[in-house]
Structure formats: structure tokens, C-alpha cells
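J.: Using my numbering, the letters of the sequence shown map in sequence onto residues 105 to 311. Let me begin by handing over the structure; questions about it come next.
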Amino acid sequence: LGLRLRPGLRLGLGLRLGLGLMEDEDKEEQEAELEALLAIFDDGELSVHNEGGRPRHSLRVLPEGDEDTAAAAAAADVLLLDWWYPVDYPSVSAPDYSLRLLSGRSEPRLTALRAELDELWVDADHQVVLYTWIEHLRSQLDDILPARQEAPTVGPSQSLSAAPPAAPEPAAIYEVVVLPEIVHGEPFTDRRSTFQAHAAVVSSEAE
Numbered sequence: 105l106g107l108r109l110r111p112g113l114r115l116g117l118g119l120r121l122g123l124g125l126m127e128d129e130d131k132e133e134q135e136a137e138l139e140a141l142l143a144i145f146d147d148g149e150l151s152v153h154n155e156g157g158r159p160r161h162s163l164r165v166l167p168e169g170d171e172d173t174a175a176a177a178a179a180a181d182v183l184l185l186d187w188w189y190p191v192d193y194p195s196v197s198a199p200d201y202s203l204r205l206l207s208g209r210s211e212p213r214l215t216a217l218r219a220e221l222d223e224l225w226v227d228a229d230h231q232v233v234l235y236t237w238i239e240h241l242r243s244q245l246d247d248i249l250p251a252r253q254e255a256p257t258v259g260p261s262q263s264l265s266a267a268p269p270a271a272p273e274p275a276a277i278y279e280v281v282v283l284p285e286i287v288h289g290e291p292f293t294d295r296r297s298t299f300q301a302h303a304a305v306v307s308s309e310a311e
């Protein structure tokens, strides 16, 4: 005996099978995308947190080409992108995400950035989009974060500590010496020469 299914039952079964296959494909694409991102960004930038069975992915968005995560610690603020994968991403839905500053500071530019990320999702045409989002956010950091203080450039013969000011040349010191009184004797003449004695009481070499 052949098994016959009603048309409605056949349609419902086909939809369930189709949705199941689509979910499997979505899961594979999510895993491949996350694996690629984990290979690009280190633990100091990208982290995964399990919250109630639904993983939250958090990325510290650093300037493009800046691999040193210490730069983020030195910055006045950090841009954070958090996202969650819906089961039907990327075939149907975009990632659920939030965009915020680590300091909690309000930044009007973030509202415009969220709209730009939504537009990039539409342009992606149901393909994975996280890396495109991250690159776009990197390109906009100068408009969002305060400028970082650059360390001064120090040459090999220079030092970061300021050299003490040179001591001023000592002023010339003049010593006033009081000359002793000179006593003059009576002159006397012997033949063609005249002699006169001079005497004084001295107490130092300078006198």
C-alpha cells in the first residue's frame, strides 16, 4: 500500500524541512564568521560571554592597523560593539547589536552610526556582515573618540626628564682692603744719593 499525504500536510512538512536546512546553513555561516573574527582580533579585543544560553560577543573597536591593545587602555574612551546571533542570521535577520562607549558618555554620533550599520546590512543582501560593520566603525573613530595624547619623541641623546637649569655665573667678588698708615722718615743725602725710610704696620698679605 502506498502512503498518501494530504496536500496541506505535504506543504507543512516541506516548509519544516526547508526551515530546518536553512537554520543549519545559518548556524554554519555564523560559526565560520565568528571563527574568522577570532583569528583576526585577539583576546583583548574580542570576547564571548554566555548569558542565559545566548552568547554575547563584545568587541573593543580600535583604530585601523593598531594591533596594540594597550592603545585602548591609554585612550580617553573605547567604542564597544556587542552583538548576538539570531537563529535566522544571515538568511533572514541581521545580528542583534548594541553600540556604546565604555565610559557611558552620551555621543550623538552613535545614533547616526547605528543607522549606517543598518544600511550596510541591507547592502549585504543577507550575507554575513560583522567584519564590514567593524571596518566601518574603525573608519569613524576620529569623529567619536577624543584624540589620544601622543608620547613625545625622544632622540638617543635626549632625556624625557628636563635638565636642571644651568647655574648662573658667579658675580665677581671684590674685596675692599684698607691700607695701613705709612710713616715716612726724614730724608738724608749721602754724596749724590738721597735716602728716605718708609714704614707701615701690616696684618695680612693683601695689605
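The C-beta atom is built at its ideal place from N, Cα and C for all residues, glycine as well.
1) Can you tell me whether Asp229 is helix, strand or coil according to DSSP?
2) Give the DSSP-derived three-state secondary structure of Ala255 in the structure shown.
3) Taking the Cβ atom as the reference point for each residue, do Tyr193 and Gln134 lie within a distance shorter than 8 Å?
4) Pull up the DSSP beta-bridge partners for Asp186, would you.
5) Rounded to whole angstroms, what is the Cα-Cα separation between Glu211 and Ile248?
6) Quick one: what's got a C-beta closer than 6 Å to Ser207's C-beta in the same chain, skipping five residues either side?
7) Using DSSP with H/G/I as helix, E/B as strand and the rest coil, what is Ala301?
8) What residue from Leu234, Asp227, Leu203 has the CA that sits closest to Glu139's CA?
9) With distances taken between CB atoms, is the gap from Gln244 to Leu217 smaller than 8 Å?
10) Have a look at Ser151 and Asp130 and give me their C-alpha separation to the nearest angstrom.
11) Would DSSP call Ile286 helix, strand or coil?
12) Three-state secondary structure (DSSP) at Leu249?
13) Between which two residues does the beta strand (DSSP E) containing Ser151 stretch?
14) Need the endpoints of the alpha helix (DSSP H) that Ser243 sits in, please.
15) Please determine, among Val306, Pro250, Glu155, Ala198, the residue with the shortest C-alpha to C-alpha distance to Leu205.
T.: According to the structure data:
1) DSSP places Asp229 in coil when its eight states are reduced to three.
2) Low local confidence applies: a pLDDT of 43 at Ala255 is under 50, so the model's placement there is unreliable, with the coordinate-based value given in what follows. Ala255: coil per DSSP, three-state reduction.
3) yes
4) Paired residues: Ser162, Ser202.
5) Distance between the alpha carbons of Glu211 and Ile248 is about 7 Å.
6) Asp181
7) coil
8) Leu234
9) yes
10) 21 Å
11) strand
12) DSSP places Leu249 in coil when its eight states are reduced to three.
13) 150 to 155
14) Looking at the DSSP string, the run of the alpha helix (DSSP H) that includes Ser243 is 234 to 243.
15) Pro250
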